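To convert a position in the sequence shown, counted from 1, into our numbering, add 181. We put the CB at the ideal spot given by N, CA and C, even for glycine. Owing to the predicted nature of the structure, the values given are computational and were not obtained by experimental measurement. Following: one structure in C-alpha cells, then a few remarks.
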Amino acid sequence: MPFSEFVRVAPELGLDRLFDYRIPEGLRGNIRLGQRLRVPWGRREILAYAVEFPRQPEVENVRDVAAVAGERPLIPPGLCQLARWMGDYYACDLAAALRTILPGPVRSHEGGGKVAWWISPVAGKKDLAAKVLQTARVQAKAWAFLQDRGGAWLNVLVRESGFGTAVWKALVDRGLAERSERRLVKDEEGPEEGWTDAGKKPELGEEQAAAMEAWEQERKKEGGGRPVLLEGVTGSGKTEIYLRALEAVLAEGKNAVVLVPEISLTPQTVARFRGRLAGQRVRLCVLHSAQTVAERRESWHEIREGRARVVIGARSALFAPLEHLGLIVVDEEHDGGYKQGESPRYHARDLAVVRGRIEGASVILGSATPSLESAHNADRDRYLRVRLRKRVDGAKLPKVHIVDLRKEERPKAGGPVMLSGVLRQALEERRKKAEQSLLLLNRRGYAPSVQCPHCGRVEECERCAVPMTYHRSVGRMKCHFCDAERP
182 MPFSEFVRVA PELGLDRLFD YRIPEGLRGN IRLGQRLRVP WGRREILAYA
232 VEFPRQPEVE NVRDVAAVAG ERPLIPPGLC QLARWMGDYY ACDLAAALRT
282 ILPGPVRSHE GGGKVAWWIS PVAGKKDLAA KVLQTARVQA KAWAFLQDRG
332 GAWLNVLVRE SGFGTAVWKA LVDRGLAERS ERRLVKDEEG PEEGWTDAGK
382 KPELGEEQAA AMEAWEQERK KEGGGRPVLL EGVTGSGKTE IYLRALEAVL
432 AEGKNAVVLV PEISLTPQTV ARFRGRLAGQ RVRLCVLHSA QTVAERRESW
482 HEIREGRARV VIGARSALFA PLEHLGLIVV DEEHDGGYKQ GESPRYHARD
532 LAVVRGRIEG ASVILGSATP SLESAHNADR DRYLRVRLRK RVDGAKLPKV
582 HIVDLRKEER PKAGGPVMLS GVLRQALEER RKKAEQSLLL LNRRGYAPSV
632 QCPHCGRVEE CERCAVPMTY HRSVGRMKCH FCDAERP
C-alpha cells in the first residue's frame, strides 16, 4: 500500500486530464490504486479514482483529499492498467475508459444487495458460556447451535433454529457471539442452487489431447505465454478444451473469464459450464449489459468480493473485477459482436489479449474461421496456432453445394430465378418424408437497392458510397454499414 504524499485522480466528469491532490496524514497508507475518493472541486465535492501516486504534483497549490469512498478499491490494479492502455491506444480520456470498466449501476450505488447481519461465535468463550448460560437454557441451546453452525445470516439462524432475534442479540450482548454488517447478494441466504451432476468427462480425441498439451506447455512460459488461437471446425470439441483449461486454472486457485459474442448465447454456455463445474462447487456468475440495474450491481459485487470465480458474458464481461486471473477464453473470436460501437470503440478480443498480458493470464481465442488479425498474428508467431481438423467421434461436416443461378432455366413469365432446381427437388424430398427444412436469407430489408426507372440512378449512402437498402416496414432507406437513414 503506497505511503505517497500525493495522488493523481481521474474525476467522474468526463474531462481529458488528471488532477493532483494531497493525501492528508490521516489517510496516508489507506489509499490504493483504483480507490474511489471524494475530492474538493470548486465549492463542492466530486467522486474520482486514484490512478497514480506521483512523487511531486504538477502544480504548486494542491488541495487535500476529502475522504475515501468505500473500504476497498472498486477497480483492481490490473483493470487500472488496462484503462490506461485503453486511453493511450483508443485515444480516449482515462475517465471514459474507467467508466467503461466500471458499470453505471456500480458507480451510482456502491453497495450491492441489501444489508444483513452475520452472526458468528467468538472463539475461546466456552468457559464463559458455561458460567453465564447456566440459567438461560434457551440461550444455551442457541449457543450450541451456533457453535455447530460456525456462523450464519441472522434470518437463516432464526428460520432454522426456531429461536427469535432477541435470543441471538442476547448472545451478542454477553460477548459470546459477534455481529457484523454485510451485503447480502442474491442466493446467498441458503445453499447454492442450480448445481447439477457433472457426469463423466468425455474422452479427448487425439487432436484435442495434442491441443491441451500445447496449451499447457505455452501457459507455463513467463507471463502466461502467447495467446492460443484454437482453430477448429464446427463440432471439433473446442468447448471441451475450454472446460479442461478452466478446470486446470481453478485447481491452481485462479479465476477465469469466458466471453461469448452475443448475449443470446450466454444461457446455453452457462448451463454447460455450470453442469461441468458442479462437482467443484465453484460459483459461476453472469455479467452482461442486458441485465437489470440490480442484477448487474449484485453480480459485480459478488465478483469483486471473491464469491464468484468464473464469469461468463458478452464483451463487457471482460471487465469483470476478478483478481488472480488465470484464463480468458474468447469464443468465436472472429465475431463482430466483440467490437464496441460507442466511444471508446474498443475490441474485446484485443483487450482480452492485453489484459492477459498485464495479469499474466493465459488467453484462448477460439474460432472455426479466425479473423484476419488473429490469423496474421499466428502467422507471425505472436500467437500459438492450434488446429482441430476433425469433428468429435468422426462425424462428417455437411456437404455444401454451390449453384450458379445464371445457368438455371428462367421462368416463362420472366424475372429472376428465386429457387434453383436442386433446391426445389431437395425441399420436395423432405416434404414427402414429413421432414422440416430451413431456408436462410442472406440479406436484410425489402430491396437491396433503390433504382430510378428513368435514369437508372441508384441511391447511395453519402458517407459509405454503397447502395441504400429499402425497408418497407418503416418506409425508409438504410445503410447497413454506418446505419444512416433516409426517407
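**Message:** For residue 369 and residue 494, I'd like the C-alpha separation in whole angstroms.
**Reply:** Residue placement at residue 369 is poorly supported in this model, since its pLDDT is 44, which falls under 50; the coordinates still yield a value, given next. Distance between the alpha carbons of residue 369 and residue 494 is about 21 Å.
**Message:** Which same chain residues end up closer than 7 Å to residue 191 when comparing Cβ atoms and leaving out the 5 residues on each side of it in sequence?
**Reply:** 199, 229, 230, 232, 275, 276 and 279
**Request:** My understanding is that residue 416 touches residue 567, with C-beta atoms under 8 Å, so please give their C-beta distance in whole angstroms.
**Result:** Wrong, their Cβ atoms sit about 16 Å apart, outside the cutoff.
**Prompt:** Alpha carbon to alpha carbon, what distance is there between residue 626 and residue 637?
**Reply:** 20 Å
**Request:** Assign residue 641 to one of three DSSP states: helix, strand, or coil.
**Result:** strand
**Message:** Which of the three DSSP states is assigned to residue 466 in this structure?
**Reply:** strand
**Request:** Take residue 226 as the anchor and find which of 248, 575 and 531 has the nearest alpha-carbon.
**Result:** 248
**Asked** Quick one: what does DSSP say residue 133 is sitting in, helix, strand or coil?
**Response** Since the first residue shown for the chain is 182 and the last is 668, residue 133 is missing from the structure and cannot be characterised.
**Message:** Among 533, 611, 614 and 589, whose alpha-carbon lies nearest the alpha-carbon of residue 602?
**Reply:** 589
**Request:** Count the other C-beta atoms from every protein chain shown that fall within 10 angstroms of the C-beta of residue 484, then say buried if there are 16 or more, exposed otherwise.
**Result:** buried
**Request:** Per DSSP, which residues does residue 678 bridge with? Please list them.
**Result:** It is not possible to answer for residue 678, since the shown part of the chain is limited to 182 through 668.
**Prompt:** residue 468 and residue 437: beta carbons closer than 7 Å?
**Reply:** no
**As assigned by DSSP and simplified to three states, the class of residue 508** = strand
**Message:** Just to check my reading of the structure: residue 446 and residue 547 have Cβ atoms closer than 8 Å, yes? What is that Cβ distance to the nearest angstrom?
**Reply:** Incorrect: roughly 13 Å between the Cβ atoms, too far for contact.
**Message:** Residues in the same chain with beta-carbon distance under 6 Å from residue 444, minus the five sequence neighbours each way, listed in chain order, please.
**Reply:** 469, 471 and 495
**Message:** According to DSSP, simplified to helix, strand and coil, what is residue 409?
**Reply:** strand
**Inter-residue spacing [alpha-carbon to alpha-carbon] between residue 487 and residue 221** = 32 Å
**Item:** Per-residue burial, residue 419 [other beta carbons within 10 Å of its own, 16 or more giving buried]
**Value:** buried
**Asked** Tell me, which residues are paired with residue 588 by DSSP?
**Response** Answer is none; residue 588 lacks a bridge partner.
**Prompt:** Taking C-beta to C-beta, are residue 511 and residue 431 nearer than 7 Å?
**Reply:** no
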